[in-house]
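The block underneath contains the structure these notes are about, expressed in structure tokens.
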Amino acid sequence: MTSKGSWNQSHSLEMAGSKCNGVAAEHILSNYLHCVFPEPEQTKIASSRKTLNFENLPQHISHLLSTGLESSRSQTDGRLGPSRVVMDRSNGFEGLLIVDEDLLGVIGHSNFSSIRSSTCVYKGRWMYEVMLSSQGLMQIGWCTLECRFNQEEGVGDTPNSYAYDGSRVRKWNVTTTNYGKPWAAGDIATCLLDLDEGTCSFFLNGVALGTAFSDVRLGPKMAYFPAVSLSFRENVVFNFGGRPLRYPVEGYQPLQDPPFADLQQAQELMGYLKSAMTMTVDPHEVSSVPVRGDVNVFLAISHIFAHLTPLLAHSYLVDAVLLKFLLTANAEPESSVFIPYFLDLAWVLMEDFEVENSLKQLMMSLLRAFRFSPLSPDMGEQVCHLQLLLVILQHDKSRRFLLNSVLFDAMRFPAFFNVKLPVRVDEAGLEQMIPVTWWGKQMRGDEQKSPEHCGRRQAYERSCHHLTKHIQVLEDLQVAVLKLLLNNTDGGQEESTRDVFLRKFRKFLEENISSASPTVLCPPEYLLCFLHRLTRTLREIWVDGATVTPEHMPLEDAFVPPQVFYNDELSYFELQHLGGLTKHLRKIHKDDLQSLGIETAPDRDLATMDDLVDDVDRPVQAARSAQPFRHTWSPHLMGLMVGVRAQGGITMIEPRALGMNLIPRRSTSPASASQPLISPPRTSSQKETQICTDWQSLLRGSPTSESNCPHVEGSLLALLDGLLLLYHIGAHQQLGKMVGVAEDVKEYALALTETEAKISRCPLEQCDVMKELQRSENVFRDKLNQLSRRLAWHNAAIYSSEKMGDIYWLLRVALGSVEHADRSGPLFAFLPEFYISVSVNAYNALKSYFTGAETLPRFEATLIRLATVLARHFVDPRIVGTDIKDLLMQALASFVCFPSSLHALEEVPDSIRMSMLCSLLAPYEQRPWAQTNWILVRLWKGSGFGYRYTHLIPPLRLKPSDANNPTLQKPCPSLRLQQQAATLLQERPKQATAFLNSLINQLNWAFSEFVGMIQEIQQTAERPERNIVDSRQLKVCATCFDLSVSLLRVLEMTAHLVPSTLSDPTGPASDLLLARLSQLLNQILHRITAEGGLFDRMVSFRLPVLEQVDHYPILAAVTGTLVQLIVLGTPECRERATAALLADAGFQLRCICCLLGEWDGARKDPANVGASTRFSFRKHLRYVNAEELQLVEQLVTHLSVESTHAAASTVPTSEEDLCPICCAHCISAVFQPCGHKSCKTCIQQHLMNNKECFFCKTVISAVNDFTVPPSS
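The opening residue of the sequence shown carries number 388 in my numbering; numbering runs sequentially from there.
So this is what it looks like as structure tokens:
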């Protein structure tokens, strides 16, 4: 027996000699090949082992693969239908459904749609899996051919159909009972049917839910199909065995047979490959890293790939063998070398279309594994999948192919950046991760101060921090993937990876904006996570650029320059710009664009990203796109492909001498090679191959205002613009949806506090009541424990301080972009509308969904910038879109409701602030005025008479979500803006008159509509045959009442700020305005205070929606106006207002006395008013203070005295001398040229809106005074 040392010495000499021709000595090569391809133990006979070389190696491998090969285990007994099981979209469905191309994915597209499979079973034990892409209403199970479904009844709603519904946590078979656990998106439901025992059961993520049905009907003609019923846009994917089952159940078999023979062969070949890649020709030396540069190893591997390649065309084997092989290899220390070497070999030894198909299937399998991995606090499985994705994408040629053809085209690539959120706390492992719960500020005050509370809070925060660290690991990997895809240094003569990514990303945004198909739209939960990872990646790349280039644009001051919006280098699809569509804007701003060197070809269609290329560069870019992928192979592999380095040069290897002619290759004919196995690119993306890689052209056409713009890469600007669009199309929506968990915590905490208070008040002898209260307390505590653990996950994954920083940065970017675009003058119209939307929505998100936003750096200054944008542009004539105008107006209305934002509005530059007030105080005719009036009301609320209530009487119980409702905020009047409004109206008397006139017109309309509506409602309610009032009618009525009250409050504010508009006899139309105002106030008082009148009866009905319709709001507003004019006004103002009020024919002193509960007009003792059921301000001391009550008493006393004097001095008037229009005043004016007559008040009011005569429609040229002759 030769010693190891002497064997190695002789082996080394022989190996040195073999290097002359690149092939090892015969017996050494034979030993090596036997080690790589060992024979089974039962057939291994060392003495008779034949010599192996590359000529007989194919037969040897074929012999090994056939030895011990299991016979086909196809089980057709008990099953009917095609061997490949899919969903039957020909006649096995009901309703509207969207079925994927592989006939396994199903999306509901109507109210309740049902579909069954193409294969049924009638005996045996069977199973299949359903991967849930959504968590809504679905019923999954089995049905027979006779089951008939419709839009209301689905699987489980008919006899002989059985279903499980995890949305409602119930089982269905005609009747329904509780069963199972709630499911969530990303779960896998397993459906099992035992036709031997007649039972049906279900699993969820591999956990048995128990037997659902034990009386499944059996017998002749009873065959069951897998089936599902889905509500609108619910999404599932079936696995009948065409892919490896994630949770196989012993004793049950899938409906579709796995490829057992191919599976066994593929597993053996992968074992051979692992040995060949890590074993040297010396069988005593096993390397832990791939062996490179050895022709013998390369040739052995080539024979393995010859057998492995056709197997990898099967998606089942890619999932079961290749993915498992790569995950195992990636877990080893040298994975960074092993997997790239494997990919190098695949691209060399397989046809391109074969590698591409395998890579596509691999990515699909990897994404499924990532999405449907069980949730755990350490995110272990998701981390492994992302690590493998990162290693694969580090391979240059594979990355280029996947990015060009797979990641955004054949799959929802953003799903890789999602962080799953737990629905079931026990399965997510959160009970172990967060053993102690805490629900913060919702606890009672005494609990918050207790030592136990402090300890619980600290333990909870430590657990949350630990959870955040685990999630951070996953997010770091996701960011690493994006950094790899945003590499800008690997382009050379081709597109860089960043160029391709930006092109695909832009197309992805376009599809999610323009398409309504659920198969194209990306779920908002994916969009939100994708946004955060992209934002973090961009910020880090931006900082790196600023470090290298000193003149680079600072991160904190980043913005998109205005020329990006109009220089035609970046497509905005069919998105609206502030001034309209792009084609329209390029026509009307043609001269402005040409002055900046921007061409304006009228016939150029700017709909796709290929328009980024200048016409001159298009042929060059097209030629570049036609070139094949450039890949730099490793030197050793290149040497093996060409020849073997020898001492004298390069010796070419003859394939025939090495047995290469015997390598069987299937599917390599020209016909098959020309047919790619992956889906062809989408038609809409054919033009994507032409793209301008010079992203700096985005800065072409800079306006003079941007002459000193700091340096920034154009590709980063394109990505930044895409991020803002991504936030707009779905991320903001998801932020609002996910906040529901925090609101649930608040509601349950409030319910627990109330229950504990009831327990403390409950008498001990009421045992049943106490027992029920304690049971409720335990339920609330258990629910709070679960919710607080889920909330910890949500805060770490969605609402963390880092995520808040991302949203805040996007807010600042959007604001900066709007500010710079504004400086471009008329070209501001090119700014896309979503920049305004992101500015408003990002601030709302920070305010409503995150905590601690006010601690962000320069937050107050940012708030002032946002206030400036709103104040400057809410009536900007350059903005034409109705929706964006409404958004700006609503945002400004919300700003005046919160103290912090109102303070920011007060700090807006003076010129912009005065311009805003001028627009708010413009006449209400021919423009939307309701929101404007609301803004003025909020500026006044808290300063008006009895106007300090938050919401109307009686106070409603608020939900936690109402904390950010602008209409329910405490009053915060702005004295500063009030004073500036007064100054503005005093300096512009004509505008003040026009504004007050329009205010009276709208009040007259709103109150008249309200009166008409309550008349209709009362008539409907009093009909004996029908007592149902239309809810829409009630809402319109309540809206008219609210408008009347708010208009009255603005009247009160105007009377307080500029009483001279009404009191100055020299002012324009002051007499007319005062008379009209008096007439309207008297009319309102008469309608509201009429005892037993229409308004009284309406209030007594207490109809739903009309709870806010009450005496107090409207009477307080009327009283406030009267007090301002008559009690608090100057003597001259008091005299004129009193005279106008008493001169109106509708004045009734009783209506004034009703304000103090003196409905019969007689003064009463205030102490006795409280016993009456009638309205009185003395009953509302919660809202009316003593000083205000004293003002009302002065008003009533003054008008009582003055009305008595006026009645004594009134001279009777003949009816013939009364104005034929109002029948209240004497005729005092005659019209020219027609000669018709009326009182001055009527004709002046008429002439403000119309110049034609009341009676004959002649155009009035003049109005002369008329005095009634004494004889009359």
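Note that CB positions come from ideal geometry on N, CA and C, so glycine has one too.
For clarity, every value in this text was computed on a predicted model and none was experimentally measured.
Option in the options with minimal Cα separation from residue i
i	options	result
PHE1682	ALA707, PRO809 and ALA693	Since the first and last residues shown for the chain are 388 and 1659, residue 1682 lies out of range.
MET820	PHE803, PHE795, TYR1499 and LYS856	LYS856
GLU1663	TYR847, ALA700 and LEU713	Lying outside 388 to 1659, the shown extent of the chain, residue 1663 is not represented and no answer is given.
THR1319	HIS1338, TRP1392, VAL1283 and SER1298	VAL1283
GLU1374	LYS1328, LYS1357 and MET1301	MET1301
THR824	THR665, PRO607, SER1175 and GLU637	SER1175
VAL1510	GLU1574, GLU1220, LEU713 and SER1163	GLU1574
VAL796	ARG893, GLN1632 and GLY1329	The residue asked about is misnamed: residue 796 is Asp in this sequence, not Val. Here the closest residue by C-alpha is ARG893.
ALA1530	ARG1537, GLU621, SER1590 and SER1385	SER1590
GLY1127	GLY1101, ILE1185, GLU1143 and ASP1108	ILE1185
GLU637	GLN654, MET657, GLY658 and ASP581	ASP581
CYS1606	ALA1425, LEU656, SER1625 and ASN547	SER1625
Backbone CA spacing between residue i and residue j [nearest angstrom]
i	j	result
VAL1610	GLY1268	The residue you asked about is not Val; residue 1610 is Cys in the sequence shown. Cα to Cα, CYS1610 sits roughly 47 Å from GLY1268.
ARG1148	ASP1155	14 Å
ALA940	LEU889	The sequence given here places Met at residue 940; Ala does not occur at that position. Computed Cα separation, rounded: 20 Å.
GLU938	PRO911	37 Å
ARG604	GLN769	42 Å
GLN522	GLN880	47 Å
ALA1229	LEU1110	13 Å
PHE441	LEU686	8 Å
THR715	VAL423	19 Å
ARG1410	VAL1423	21 Å
GLU344	ARG811	Outside the displayed span of the chain (388 to 1659) sits residue 344, for which this structure offers no information.
ASN1651	GLY1622	10 Å
GLY967	LEU1202	20 Å
GLU1141	LEU794	52 Å
ALA1350	ALA1138	17 Å
PRO1067	ARG1168	For PRO1067, the predicted structure reports a pLDDT of 36, less than 50, and the residue's modelled location is therefore unreliable. A value from the coordinates is still provided. The straight-line gap from Cα to Cα measures roughly 55 Å.
HIS690	LEU444	8 Å
ALA1208	PRO948	7 Å
GLY932	ALA945	13 Å
SER1330	ALA1504	12 Å
TYR1311	LEU1257	20 Å
GLU956	ALA572	39 Å
Sub-8 Å separation of residue i and residue j beta-carbons
i	j	result
ASP979	LEU1214	yes
ALA576	SER588	no
LEU1421	GLN1121	no
LEU780	LEU789	yes
GLY1507	PHE1332	yes
GLN538	GLY482	yes
TYR1114	VAL951	no
CYS1427	GLU1403	no
ILE1322	ALA1291	no
GLN1470	GLY1399	no
LEU1112	PHE1221	yes
MET609	THR696	no
GLY541	SER616	yes
Per DSSP, the bridge partner or partners of residue i
i	result
ASP1652	ALA1616
GLN981	Paired residue(s): none; GLN981 is not in a bridge.
PHE600	CYS587
ALA576	VAL517 and LEU591
Contained beta strand (DSSP E) runs [length at least 3] in the segment 446-502, N- to C-terminal order: Runs of the beta strand (DSSP E) inside the segment 446-502: 484-486 and 492-495.
Any chance you could list the alpha helix (DSSP H) runs of at least 4 consecutive residues sitting entirely within the segment 1092-1116, in chain order? Listed in chain order, they are 1101-1113.
List, from N- to C-terminal side, the alpha helix (DSSP H) runs of 4 residues or more that fit wholly inside the segment 710-793. The segment 710-793 contains these whole alpha helix (DSSP H) runs: 710-717, 722-736, 739-758, 767-780 and 783-792.
Could you tell me which uninterrupted beta strand (DSSP E) segments, each at least 3 residues in length, are contained entirely in the segment 1198-1230, listed from first to last along the chain? The DSSP assignment places no complete run of the beta strand (DSSP E) inside the segment 1198-1230 (cut-off: 3 residues).
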